[in-house]
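Structure record follows, encoded as C-alpha cells.
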Amino acid sequence: MVVLDASIALAWVLPDEQSVLADAALRHTIEAGAIVPPLWSLEVANALLVAERRGRLSGEQAAAAVQLLAAVPIRVAAPSPEADFGRTVQLARIHALSAYDGRPTFGERTASPLATLDARLRDAARSAAIPIFAPDDSAADD
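One point on numbering: in numbering that gives the first Met the number 0, the residue at position 100 of the sequence shown is 99, and numbering is uninterrupted.
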C-alpha cells in the first residue's frame, strides 16, 4: 500500500500531467491499494474543478476522471485525534508547504511509502524519514 498524494492521482487524469512515476503508482495502487489523508478527496476535487474552469479538461473528461478515481482502491483514512499539529506546522514551515501538505506525519503513522510528484513534499517526507515510492521498488527512496 502507498500513501497517495493528490499530485499522483491528478497525473492519472490530466493529459498534460502524465509521468512514469504516476503510471507506476497507478499499477501499484490497483494491485496493493492506497491510503490518503482525509482532505485528499477535496484537494483532488478542487484541482479537477480548476482544471475544467481553465480549459484543461472538458466537463465530460472531469466526470470520467471522477469515475476512474472512484474505481481505484483508495482508502480515505479517518481523521486522527492524535495528529501532531506542531510537527505538521514545523515541516510545512521548513519546506514552504501548505499546512495540509505539511502532513508527512501521516506517512509516519502508516509506515507506507509516499507517492508524490511534489518535490517539496518529497523533501519533507525524506526529512521525516518516510520512504518514497519509486517505480522500480515501491518501498525504495528515489
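For each residue, glycine too, the CB sits at the ideal point set by N, CA and C.
Identify every run of the beta strand (DSSP E) within the segment 5-39, keeping only runs that are complete inside it and at least 3 residues long; order them along the chain. 33-35
What's the gap between the Cα of Leu48 and the Cα of Ala63? 13 Å
Mind checking which residues open and close the beta strand (DSSP E) that includes Arg74? Ile73 to Val75
Assign Ser97 to one of two classes, buried (16 or more other C-beta atoms within 10 Å of its C-beta) or exposed (fewer than that). exposed
Quick one: give me the first and last residue of the alpha helix (DSSP H) that Leu120 is part of. Ala118 to Ser126
Ala114 bridges to which residues according to DSSP? Leu3
Return the bridge partner residues of Ile131 from the DSSP annotation. Leu113
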